[in-house]
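Read the structure below first, then the notes.
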Amino acid sequence: MSDPALRLEALEVRHGAVHALRGLSLEVDRGEIVGLIGPNGAGKSSTLHAVMGLMRPSAGDVRLGGESIVGRDPEAIARRGIALVPEGRRIFAELSVEENLRLGLAGRRGRGDHDADLQRVFALFPIVEEFRKRPAGSLSGGQQQQLAIGRALVAAPDVLLLDEPSLGLAPRVVDLVFSALQEISAAGIAVLLVEQRAQRTVALASRTYVLSNGSLRLTLGPEAAGDTEKLVAAYFA
Amino acid sequence: MSSTLVATVLGADWQTLADAMGQGGLYALMAVGIGLVFGVLRLVNFAYGQLIMAGAYALAVASERGWPVWEGILLCFGVVLVLTLAMDRVVFRPLRAHSPAVMLVATFAVAFLLQSIALLWFGSLGKIAASLATLNQPVTISGVDIRKISIVTTAVAIGCLLVLVAVLGRTSVGLHMRAAALDFRTARLLGVRANRVIGAAVLISGLLAATVAVMMTVETPLVTPDFALRDTILVLAGVVLGGMNRLVPATLGGFAIGFASGFLGGALPTDKSQYLPSFLFAAVILVLLIRPGGLFTRAGGQAVERL
């Protein structure tokens, strides 16, 4: 059996006195969407930060395609094939849409055909192509989110991490983003989706981990999406 | 007093204007050198003037030994680049994660260290860098005498700034530098290599320091351990005046203070020009009280998060 695209093994992360992650283990395979939900402070963002090398785990391992990436710099991790769509989008408002996309190319391994990847992004998010000459700061929140995802995709990653991409977006735009995630995973990319919208995430993902107090409480399948009681119980467990 | 000031300003000749342009250009280059490093490191390199001083000593040594001009310039660039890269490796990189105060104090230490070394090696009397002295002779342009160095300095400054605009605007390392100056953490998350971006910024700032050293020794051939120190302080004031967080406003600030200082220095009679620095700094304080973000920034701009 081959290694999963991304595997976290008994990961421990501390911020000073706070124990942000307590022995978290999870995995994401190529071509699947895995959800990560839980109340505020459960450790969702810490998980993504630990994967990206922004926080150093005190124990445990993060493996990308079987290879440990713990202790590497964020840029080295990005260049090994993990792309993050950060919370709050973090696009460069003063740069043009096109320049934001070109920054995404910094994470590519090797040269490859980046034009083809760019075209795929434009097909997925036509608005990004239409506004490519504009300053990114002039885009609406939903357009900026599409740009942020597009910027991550031009790096041709194996693993895509998203930190609350639906935050502050209109329902119609959330639909667009979620259906884009389906297309992205169908292209063979492993997607780890951190979200607050529990029901929609559970419905979209092939499985969703419920995180609480830094450790895994529960794993839900898509069939649990209709079961509101179970979702509420999972949050307050 | 104010009427004599106006009179001298109005009566200023072309040479004074050309000098002011040249000095504005030089200070603009220094402002870029300081601003580029500040952009990626959030570090005010107080030792920038000592890099220029080292380059000037290199030119003086070459001139004393009678080396050809181009060899002196080559030595100047070599010395400044080696010092710049050493500063980056030994001081900037190890201290990058520390607070801005720690880095600022470290650059103060480097500045005084380099100055003391210059004092020990070359003494306090100074050395003469005379190889390019011929540039002080005037040329006549439609009946007006202007010193060659004023024209050369202005042209070199414009040329350097154009090259820089092209590098920042059209190359990928330039794009990475701009992104890093805006939000270093996000840039790194996208795969922008921190060390490469910082190395590029430091290297360009070193090249600019060497260029400034060559121009400045024509104007001030006597090289002493405090060479370019006063200029650096003025440029730092100009950079803060223009707006530290952005390269274009910082450069404009450098140019403005260079131009003002060159113009007033030339236009005012000697007994009044001794008040020039205090006047300039009072003006800087006044401007900052009114526009703390800088003279050339848009309102509402916010401070950038450090790495």
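Residue numbers (the working numbering), protein chains in the order written: chain A, -18 to 218; chain B, 1291 to 1597.
Every residue gets a Cβ at the ideal spot worked out from N, C-alpha and C, and that includes glycine.
Please read all numbers here as calculations on a predicted model, not as lab measurements.
- For B/Gly1481, a Cβ of chain A is located within less than 7 Å of the residue's own Cβ.
- Less than 7 Å divides the Cβ of B/Tyr1347 from the Cβ of B/Val1513.
- Counting only runs of 4+ residues, the alpha helix (DSSP H) found wholly inside the region 1370 to 1429 of chain B occupies 1390 to 1412, in chain order.
- A/Ile63 is bridged by DSSP to A/Val140.
- Closest in C-alpha terms to A/Thr189, from the list A/Val(-1), A/Glu8, A/Gly118 and A/Ser39, comes A/Glu8.
- Shown in chain order are the members of the region 1453 to 1476 of chain B whose Cβ falls below 8 Å from a Cβ of chain A: Ser1462, Leu1465, His1466, Arg1468, Ala1469, Leu1472, Asp1473, Arg1475 and Thr1476.
- Secondary structure of B/Asp1435 (DSSP, three-state): strand.
- Boundaries of the alpha helix (DSSP H) around B/Leu1319: Trp1304 to Leu1331.
- Here the C-alpha atom of B/Leu1373 lies approximately 10 Å from the C-alpha atom of B/Phe1367.
- Rounded to the nearest whole angstrom, the CA to CA distance from A/Ser49 to A/Ser39 is 14 Å.
- Taking the Cα of A/Leu212 as reference, the smallest distance to any Cα among A/Asn194, A/Gln177 and A/Ser196 is reached at A/Gln177.
- Within the region 6 to 67 of chain A, the complete alpha helix (DSSP H) segments at least 4 residues long are 25 to 33 and 55 to 60, listed from N- to C-terminus.
- Look at A/Glu145 here: in three-state DSSP terms it is coil, with no helix or strand label.
- The C-beta of A/Glu79 comes no closer than 7 Å to any C-beta of chain B.
- Chain-order list of chain A residues neighbouring B/Arg1379: empty, with the shortest C-beta distance near 17 Å, by a criterion of under 9 Å.
- The beta carbon of A/Ala184 is closer than 7 Å to those of Pro203 and Ala206 in its chain, skipping five residues each way along the sequence.
- Here the region 115 to 129 of chain A makes contact with the region 68 to 84 of chain A; the two share three or more CB pairs at distances below 8 Å.
- B/Arg1478 is positioned such that its CB atom lies closer than 7 Å to that of A/Glu56.
- Taking every protein chain shown into account, the CB of B/Val1380 has fewer than 16 other CB atoms within 10 angstroms, so this residue is exposed.
- Approximately 22 Å separates the beta-carbon atoms of B/Ile1342 and B/Phe1553; this is outside 8 Å, ruling out the contact.
- Look at B/Gly1481 here: in three-state DSSP terms it is coil, with no helix or strand label.
- Of the residues assessed, A/Pro138 falls on the buried side of the cut-off, its CB having 16 or more other CB atoms within 10 angstroms.
- Here B/Gly1315 has Thr1443, Thr1444 and Ala1447 as same chain residues with Cβ atoms under 6 Å from its own Cβ, once five neighbours each way along the sequence are excluded.
- Within chain A, Asp54, Pro55, Glu56 and Ala59 have C-beta atoms less than 8 Å from the C-beta of B/Arg1478, given in sequence order.
- Contact annotation: A/Ala117 and A/Asn81 have beta-carbon atoms nearer than 7 Å.
- Around the beta carbon of A/Ile18, 16 or more other beta carbons sit within 10 angstroms, so the residue counts as buried.
- Straight-line measurement puts the Cα of A/Glu79 at about 29 Å from the Cα of B/Gly1583.
- Taken atom to atom, the span from the alpha-carbon of B/Val1574 to that of B/Met1534 is near 13 Å.
- In this structure the region 1350 to 1367 of chain B lies against the region 1417 to 1425 of chain B, because at least three pairs of beta carbons, one per stretch, are closer than 8 Å.
- Per DSSP, B/Tyr1565 is not a residue of any beta strand (DSSP E), being assigned neither H nor E.
- Counted as a single uninterrupted DSSP element, the beta strand (DSSP E) harbouring A/Glu(-10) occupies residues Leu(-13) to His(-4).
- Bounds of the alpha helix (DSSP H) holding A/Val102 are His95 to Leu105.
- Taking C-alpha positions only, B/Gly1556 is separated from B/Asp1303 by approximately 9 Å.
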